[in-house]
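Peer 1: To convert, note that position 49 of the sequence shown is 49 in the UniProt record's numbering; the numbers rise steadily by one, no gaps.
A virtual CB, placed ideally from N, CA and C, is assigned to each residue, including glycine.
Bear in mind that the values here come from a model prediction, so they are computed numbers and not experimental data.
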Amino acid sequence: HAKAWHSYNSEYRAKQKGAVSLAFNSDWFEPLDPSCSADITATEREFGFTLGWFAWPVFVTGDYPETMRFAINSQSQKLGFDGASRLPTLSDDDLSILGTADFFALNYYTARKVKAGGGVDQTLSMKSDLDAKEVLDPSWPICGAPWLAVVPHGLRKLLKYIKDTFHNPMVYITENGFSQMGPVQIEDWERWEFYSSTISEVAKAIQEDGVNVRGYFAWSLMDNFEWADGFSVRFGLFHVDLSDAELSRTMYRSGREYARIISKYKTSGQTK
Numbered sequence: 001h002a003k004a005w006h007s008y009n010s011e012y013r014a015k016q017k018g019a020v021s022l023a024f025n026s027d028w029f030e031p032l033d034p035s036c037s038a039d040i041t042a043t044e045r046e047f048g049f050t051l052g053w054f055a056w057p058v059f060v061t062g063d064y065p066e067t068m069r070f071a072i073n074s075q076s077q078k079l080g081f082d083g084a085s086r087l088p089t090l091s092d093d094d095l096s097i098l099g100t101a102d103f104f105a106l107n108y109y110t111a112r113k114v115k116a117g118g119g120v121d122q123t124l125s126m127k128s129d130l131d132a133k134e135v136l137d138p139s140w141p142i143c144g145a146p147w148l149a150v151v152p153h154g155l156r157k158l159l160k161y162i163k164d165t166f167h168n169p170m171v172y173i174t175e176n177g178f179s180q181m182g183p184v185q186i187e188d189w190e191r192w193e194f195y196s197s198t199i200s201e202v203a204k205a206i207q208e209d210g211v212n213v214r215g216y217f218a219w220s221l222m223d224n225f226e227w228a229d230g231f232s233v234r235f236g237l238f239h240v241d242l243s244d245a246e247l248s249r250t251m252y253r254s255g256r257e258y259a260r261i262i263s264k265y266k267t268s269g270q271t272k
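#1: Which of the three DSSP states, helix, strand or coil, is assigned to MET181?
#2: Going by alpha carbons, who is nearest to GLY52 out of THR123, ASP137, TRP28?
#3: Should HIS239 go down as buried or exposed, given a rule of 16 or more other Cβ atoms within 10 Å for buried?
#4: Between ASP131 and the rest of its own chain, which residues show a CB-CB distance below 8 Å, the 5 nearest in sequence each way excluded?
#5: So, is ASP39 buried or exposed, given that buried needs 16 or more other C-beta atoms within 10 angstroms?
#6: Suppose the cutoff is 8 Å on Cβ atoms and the five residues either side in sequence are ignored; what does the same chain contact list for LYS160 look like?
#7: Out of VAL114, ASP92, THR165, GLY144, which one is the CA nearest neighbour of LEU136?
#8: Check this for me: beta carbons of PHE103 and PRO169, under 8 Å apart or not?
#9: Could you tell me whether the Cβ atoms of CYS143 and VAL150 are closer together than 8 Å?
#10: Straight-line CA distance for LYS272 to MET126?
#11: With hydrogens ignored, establish whether the beta-carbon of PHE231 is closer than 7 Å to any heavy atom of the ligand SAM.
#12: Throw me the rounded Cβ distance for the ALA23 and ASN107 pair, which I believe falls under 8 Å.
#13: Using 10 angstroms around the beta-carbon of ALA111, count the other beta-carbons present and answer buried if the total reaches 16, otherwise exposed.
#14: Can you give, in chain order, each stretch of the beta strand (DSSP E) that sits fully within the stretch 173-252 and has at least 3 residues?
#15: Tell me whether the beta-carbon of ARG253 lies closer than 8 Å to the beta-carbon of TRP189.
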């Protein structure tokens, strides 16, 4: 990534006036028990081992987050590993990664509570280094895919965290969506309610929290192939009929409502 950014910066930026970044995927994390110091510390590790692992070198120090390095080195020492750190020290060339993003590209889908523990005590592994367990809040509704709890307010909190942690970067939300499984529902009001609530939370992040959000991209335009779930999980604003040789498209209700919102505010400079 750093080589690509520096190449674009030196050879193409002046003429093309473009911007380059990389997408950071992160849930919102919060302690299962907000009064428990162990859960609070575990939540900090969770952020360090997910978002911080990649964003910290680019936006903060050019190196991995200290929470991550401390956890890995502590576990190594505990288990008698006396070699070089399992988290390498970055070289001077590696440090050129600092500042190689013109904006913060965020993929956000869901949130998790975090409880201390859950590591494998006698094994050197990422799981034992992290020593934290992710927990679903039963009050959060699940949409389609079983891992996808609907937590729009988590996006606002994550945006504020990014502002405070990564020096208030310009942010584009590059993926965010609501899945559907089972029978096709063209009148997908639940998905539209999700987008309405989520866009409202983004507006609060901009207007009340001062987050520098410049764009929001719904995932996805059309139903597509979703990793291990194949075509069984649908995120599209347009339904794709896989039984039709022409792969005909039909706009979901959520697509029509989403189009109405972005059409209304596309030139006004306002967010509601």
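Peer 2: Result, derived from the coordinates:
#1: Walking along the sequence shown from the start, residue 181 turns up at place 181. Correct three-state label for MET181: coil.
#2: Indexing the sequence shown from 1 puts residue 52 at position 52. TRP28 is the residue among THR123, ASP137, TRP28 whose C-alpha sits nearest the C-alpha of GLY52.
#3: Counting from one through the sequence shown, the residue named residue 239 turns up at place 239. Buried, because 16 or more other Cβ atoms sit within 10 Å of the Cβ of HIS239.
#4: Indexing the sequence shown from 1 puts residue 131 at position 131. The answer, listed in chain order, is ALA42, ARG45, ALA71, GLN75, ALA116, GLY117, GLY118, GLY119.
#5: In the sequence shown, residue 39 corresponds to position 39, counting from 1. A residue is called buried when at least 16 other Cβ atoms come within 10 angstroms of its Cβ; ASP39 meets this threshold and is buried.
#6: To locate residue 160, count along the sequence shown from 1; it is residue 160. Same-chain partners within the cutoff: ALA205, ASP209, VAL211.
#7: For the purposes of this step, residue 136 is identified with residue 136 of the sequence shown, where counting begins at 1. Nearest to LEU136 by C-alpha distance, out of VAL114, ASP92, THR165, GLY144, is VAL114.
#8: Within the sequence shown, the letter at position 103 stands for residue 103. Within the sequence shown, the letter at position 169 stands for residue 169. Yes, Cβ-Cβ distance for PHE103 and PRO169 is below 8 Å.
#9: For this step, residue 143 is matched to residue 143 along the sequence shown. For this step, residue 150 is matched to residue 150 along the sequence shown. Taking 8 Å as the Cβ cut-off, CYS143 and VAL150 qualify as a contacting pair.
#10: The residue given as residue 272 occupies position 272 in the sequence shown. The residue given as residue 126 occupies position 126 in the sequence shown. With a pLDDT of 45 at LYS272, under the threshold of 50, the predicted position of this residue should be treated as unreliable, and no value is reported.
#11: This structure simply doesn't include the ligand SAM, nor any ligand for that matter.
#12: Locating residue 23 in the sequence shown gives position 23, counting from the first residue. Locating residue 107 in the sequence shown gives position 107, counting from the first residue. Yes, ALA23 and ASN107 are in contact; Cβ-Cβ is about 5 Å, under 8 Å.
#13: Translated into the one-based positions of the sequence shown, residue 111 becomes position 111. The residue in question, ALA111, is buried, as its Cβ has 16 or more Cβ neighbours within 10 Å.
#14: Listed in chain order, the complete beta strand (DSSP E) runs (minimum 3 residues) inside the stretch 173-252 are 213-216, 238-240, 249-251.
#15: Taking the sequence shown and counting its residues from 1, the one referred to as residue 253 is at position 253. Taking the sequence shown and counting its residues from 1, the one referred to as residue 189 is at position 189. It is a contact, given that the beta carbons lie within the stated cut-off.
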